[in-house]
Amino acid sequence: MSEQLSIFSPSEPSRMEPALPLPGAAAPVPSLTDELAAVWGLPLGRKVRVELRHHTVTGLSGKLRVAGLPDLPFDRLAPLRLRIGDVEFS
1010 MSEQLSIFSP SEPSRMEPAL PLPGAAAPVP SLTDELAAVW GLPLGRKVRV
1060 ELRHHTVTGL SGKLRVAGLP DLPFDRLAPL RLRIGDVEFS
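Taking the working numbering, the leading residue of the sequence shown gets 1010, the next gets one more, and so forth.
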């Protein structure tokens, strides 16, 4: 009978090490939501409470999301279409 050779030790559990970036690799690209949050100074993706003036709904609570993409290049003075749930506002 032949003996089987195993390259894995059965006594040690296998562990996944986090992948390290390769030398010369580009830095991770921030998500579009992160970029928009930084330019407009908004807590996108976080739970917020918003009071709206001149709107049919006066107050909303929930995660703040982008309802529509702005034009490029980003202009923080331009209104950004936002939403909480199904209610859109800017």
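Cβ coordinates follow ideal geometry from the N, Cα and C atoms, glycine included.
Helix, strand or coil: how does DSSP classify residue i here?
i	result
L1073	strand
V1048	helix
L1089	coil
L1053	coil
Quick one: Cα of residue i to Cα of residue j, how far?
i	j	result
P1019	S1040	Low confidence applies to P1019: its pLDDT is 47, below 50, so where it sits in the model is not reliable enough to give any reading.
E1021	R1055	Unreliable placement is indicated for E1021, whose pLDDT of 49 sits below 50; the coordinate value is still reported in the next sentence. E1021 and R1055: Cα-Cα distance of roughly 40 Å.
D1095	L1086	24 Å
D1043	S1070	21 Å
I1093	L1051	13 Å
Bridge partners for residue i per DSSP, in chain order?
i	result
F1083	According to DSSP, which records beta bridges pairwise, F1083 is partnered with nothing at all.
W1094	A small correction: the amino acid at residue 1094 is Gly; Trp does not occupy that position in the sequence shown. None; G1094 has no bridge partner.
G1068	E1060
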